[in-house]
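Undergrad:
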Amino acid sequence: MADSAVRSSTTKEDKLSPFVTLIHPPSDAPPTSVSVGKAGAGAHSAPPEPKLIILAAWMAAQDAHIRKYTAVHHIMYPTAPILLLRCPLKNMVMPGTGKASILPAVSVVRKYVPVSSPGGLEKENREPGKQQPEVLVHMFSNGGSSTTAWLFDFLGEEEHGGCIPRYTAVLDSCPGKFQWARTYAALTAGLPNTLLARAIAWPVMQGVICGYVLRYFIIGGVRSMLSGLFRRREADSPNKPRGAPGPRAAPDEQNGSASAKNKSLFRADKVFSGRDTLSDRANAHNTPARMEAEVGGRTYIYGPGDAMIDWTEVERHAAAAASAGFDVKTERFEESGHVNHMRKDPDRYWGLVGQRWAGWWADRRQKGTCPESR
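Residue numbers (the UniProt record's numbering): 1 to 374.
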């Protein structure tokens, strides 16, 4: 179905940067959707289409593979533009560079879902449960989880509007924590499966992983420890005037905000975090700011056959989200690998996507509170 859609439809793409592309709806798109109604609306009319679909691809995803997803999205939601976020290897190894690379996407989100329109989270109009989702977020693996977290960080900053649009999320094979063997599997996934290629890749990729661990765990941990030591010494200094306030403690970073700033003596702590940056970006999806915007809930699609993301970590993340009050659904695919669940069972997969998007309206129809129109 996806391949035929690519051949039969003409789409225009605006490449805003090497990592951000806006894919316009097909020029021959039908005026209404059929798949959404079957997947989630039941006997009722199909819900409104997303104003924007954010598709955050996995690390080093190839165009041919990405098109299999964008093509079906255009069949299900023929009038919805797609904001494609790519994530090369260097963006995962250097998160600061990776976050900056996503900045061009902010203007696209604001164009289709302005803060001042009903599609935005206006501060004076935030009644929980009464505002429908406007954006469908479809993220894949830790690469997509990271780019989505970075984009939402930008959108939450005052200079970029100060709020995240209301959205519904589908998380495919994510998020996960850093694990040495699984990270190596992810880095070498696209290499030829030959003895020579593996022999060459092994020392190179192991070196990349060692560099990541050295930078973000070891050096970062030492700097954080020294920073805390200097703060304590300053607080205990006998030269400090009686009653004078001590040094300001670093902000609480338990939610993993990428924009959290350390005001300590060693400002390099902002770069050398001394912790798993993947966990930071995963935890960012479970913050209060995300909960306020994620009015349509989320669906995790994952499985034990994933060699790159530990399925138990996905379930832990889902459980933490549910405990925090998020609307969570987990769907475990038993026989498919990393970002391969759609290929294994496309009907089930796209049914889940459609059900998640339509779920907000279906729930309110059942309660008799569904709005007639946007």
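Beta carbons are placed, not taken as given, at the ideal position from N, Cα and C, and that holds for glycine.
When we look at the beta-carbon of R332 and count the other beta-carbons within 10 Å, is it buried (16 or more) or exposed?
TA: Taking the sequence shown and counting its residues from 1, one reaches residue 332 at position 332. R332 is exposed by the Cβ-count criterion.
Undergrad: Determine the burial state of G143: buried for a count of at least 16 other Cβ atoms within 10 Å of its Cβ, exposed for fewer.
TA: In the sequence shown, residue 143 corresponds to position 143, counting from 1. The residue in question, G143, is buried, as its Cβ has 16 or more Cβ neighbours within 10 Å.
Undergrad: Between the Cα of M59 and those of P175, W350, E334 and T79, spot the shortest distance and give me the residue it belongs to.
TA: Taking the sequence shown and counting its residues from 1, one reaches residue 59 at position 59. The shortest C-alpha separation from M59 is found at P175.
Undergrad: Flag S336 as yes when its Cβ comes closer than 7 Å to any non-hydrogen atom of the ligand FAD, and as no otherwise.
TA: Of the ligands one can find in the structure shown there are none, so the ligand FAD has no counterpart to examine.
Undergrad: Once the 5 residues before and after P95 are set aside, which same chain residues still bring their CB inside 6 Å of it?
TA: As a working mapping, residue 95 is identified with position 95 in the sequence shown. Cβ neighbours of P95 beyond the five flanking positions: T277.
Undergrad: Please report how far the alpha carbon of A322 lies from the alpha carbon of V328, in whole angstroms.
TA: Start at 1 with the first residue of the sequence shown, and residue 322 comes out as number 322. Start at 1 with the first residue of the sequence shown, and residue 328 comes out as number 328. Between A322 and V328, the C-alpha separation is close to 6 Å.
Undergrad: Using only CA atoms, which one of V106, V108 and R86 lies nearest to G98?
TA: Translated into positions along the sequence shown, residue 98 becomes position 98. Ranking the options by Cα distance to G98, first place goes to R86.
Undergrad: What are the residues that DSSP puts in a beta bridge with F140?
TA: Here residue 140 refers to the residue found at position 140 of the sequence shown. The partner list for F140 (beta bridge, DSSP) reads D172.
Undergrad: Should A307 and G337 be called a contact, given that it needs their Cβ atoms to be closer than 8 Å?
TA: Residue numbering aside, residue 307 sits at position 307 when the sequence shown is read from its first letter. Residue numbering aside, residue 337 sits at position 337 when the sequence shown is read from its first letter. Yes.
Undergrad: For R281, which residues in the same chain have their Cβ closer than 8 Å to its Cβ, ignoring the five residues on either side in sequence?
TA: For the purposes of this step, residue 281 is identified with residue 281 of the sequence shown, where counting begins at 1. Around R281: P95, N142, S145, S146, A149, W150, P175, G256 and A258.
Undergrad: Would DSSP call E294 helix, strand or coil?
TA: To locate residue 294, count along the sequence shown from 1; it is residue 294. The answer is coil: DSSP assigns E294 none of H, G, I, E or B.
Undergrad: Would you say R348 lies against chain E (beta-carbon separation less than 8 Å)?
TA: You won't find chain E in this structure, because it holds only one protein chain.
Undergrad: If the criterion is Cβ atoms closer than 8 Å, does the pair F154 and L89 meet it?
TA: Your numbering for residue 154 matches position 154 in the sequence shown. Your numbering for residue 89 matches position 89 in the sequence shown. Their beta carbons are not under 8 Å apart, which means F154 does not touch L89 by this criterion.
Undergrad: If you measure between the beta carbons of I54 and Y77, is that distance less than 8 Å?
TA: For the purposes of this step, residue 54 is identified with residue 54 of the sequence shown, where counting begins at 1. For the purposes of this step, residue 77 is identified with residue 77 of the sequence shown, where counting begins at 1. No; because the gap between Cβ atoms is not below 8 Å, this pair is not in contact.
Undergrad: With distances taken Cα to Cα, identify the nearest neighbour of A71 among G296, T299, P25 and I309.
TA: Your numbering for residue 71 matches position 71 in the sequence shown. When only C-alpha atoms are compared, the closest one is P25.
Undergrad: For the beta strand (DSSP E) that contains D14, what are its first and last residues?
TA: Here the question's residue 14 lines up with position 14 in the sequence shown. From DSSP, the beta strand (DSSP E) with D14 extends over E13 to S17.
Undergrad: Could you have a look at R281 and say whether DSSP puts it in helix, strand or coil?
TA: On the sequence shown, position 281 is the one that residue 281 refers to. Reduced to three states, the DSSP call for R281 is helix.
Undergrad: Secondary structure at M59, three-state DSSP: helix, strand or coil?
TA: As a position in the sequence shown, residue 59 is number 59, starting the count at 1. Residue state, collapsed to three classes: strand.
Undergrad: For S4, count neighbouring Cβ atoms within 10 angstroms of its own Cβ and tell me buried if that reaches 16, exposed if not.
TA: Against the sequence shown, residue 4 aligns to sequence position 4. In this prediction, S4 scores a pLDDT of 43, lower than 50, which makes its location untrustworthy; the coordinate-derived value is nonetheless stated afterwards. It is exposed - the Cβ of S4 has fewer than 16 other Cβ atoms within 10 Å.
Undergrad: Output the boundary residues of the beta strand (DSSP E) element that contains R86.
TA: Taking the sequence shown and counting its residues from 1, one reaches residue 86 at position 86. First-last of the beta strand (DSSP E) with R86: I82 to C87.
Undergrad: Strictly by DSSP, which residues pair up with L22?
TA: The sequence position of residue 22 within the sequence shown is 22, counting from 1. D14 and L83.
Undergrad: CB A293 to CB R110, shorter than 8 Å?
TA: Translated into positions along the sequence shown, residue 293 becomes position 293. Translated into positions along the sequence shown, residue 110 becomes position 110. Taking 8 Å as the Cβ cut-off, A293 and R110 do not qualify as a contacting pair.
Undergrad: Under a three-way DSSP split, which group does L151 fall into?
TA: Position 151 of the sequence shown, counted from the first residue, corresponds to residue 151. Residue state, collapsed to three classes: helix.
Undergrad: Can you tell which of M291, H65, Q131 and N286 has its C-alpha closest to the C-alpha of T369?
TA: Locating residue 369 in the sequence shown gives position 369, where the first residue counts as 1. Of the listed residues, the one whose Cα sits closest to T369 is Q131.
Undergrad: Around the C-beta of L195, are 16 or more other C-beta atoms found within 10 angstroms, so that it is buried, or is it exposed?
TA: On the sequence shown, residue 195 is found 195 positions in, with the first residue counted as 1. Result: exposed.
Undergrad: Classify E13: buried if its beta carbon has 16 or more other beta carbons within 10 angstroms, exposed otherwise.
TA: Along the sequence shown, one-based indexing puts residue 13 at 13. It is exposed - the Cβ of E13 has fewer than 16 other Cβ atoms within 10 Å.
Undergrad: Around the Cβ of T312, are there at least 16 other Cβ atoms within 10 angstroms (buried) or fewer (exposed)?
TA: Indexing the sequence shown from 1 puts residue 312 at position 312. Burial call: exposed.
Undergrad: Do V108 and L83 have their C-beta atoms closer together than 8 Å?
TA: Walking along the sequence shown from the start, residue 108 turns up at place 108. Walking along the sequence shown from the start, residue 83 turns up at place 83. In contact: V108 and L83 (Cβ atoms closer than 8 Å).
Undergrad: Could you tell me if S101 is buried or exposed, where buried requires 16 or more neighbouring beta carbons within 10 angstroms of its beta carbon?
TA: Numbered from its first residue, the sequence shown carries residue 101 at position 101. Label assigned to S101: buried.
Undergrad: Taking 8 Å as the threshold (C-beta atoms), are W350 and T168 in contact?
TA: On the sequence shown, residue 168 is found 168 positions in, with the first residue counted as 1. On the sequence shown, residue 350 is found 350 positions in, with the first residue counted as 1. Cβ distance not < 8 Å, so T168 and W350 don't count as in contact.
Undergrad: Just how far apart, CA to CA, sit V20 and E159?
TA: Here residue 20 corresponds to residue number 20 of the sequence shown, with the count starting at 1. Here residue 159 corresponds to residue number 159 of the sequence shown, with the count starting at 1. Near 20 Å, if we compare the C-alpha coordinates of E159 and V20.
Undergrad: According to DSSP, what are the bridge partners of K329?
TA: Here the question's residue 329 lines up with position 329 in the sequence shown. In DSSP, K329 forms a bridge with T299.
Undergrad: Buried or exposed for I23, please, with buried defined as at least 16 other CB atoms from any protein chain shown within 10 angstroms of its CB.
TA: The sequence position of residue 23 within the sequence shown is 23, counting from 1. Per the 10 Å Cβ criterion, buried.
Undergrad: Kindly indicate the opening and closing residues of the alpha helix (DSSP H) around E313.
TA: Residue mapping note: residue 313 aligns to position 313 of the sequence shown, counting from 1. W311 to A324 is the extent of the alpha helix (DSSP H) around E313.
Undergrad: Quick one: grab the DSSP three-state call for V93.
TA: Reading the sequence shown from its first residue, position 93 is the one you call residue 93. Correct three-state label for V93: helix.
Undergrad: For M291, which residues from the same chain have a beta carbon less than 7 Å from its beta carbon, with the 5 sequence-adjacent residues on both sides left out?
TA: Here the question's residue 291 lines up with position 291 in the sequence shown. A324, G325 and F326, listed in sequence order.
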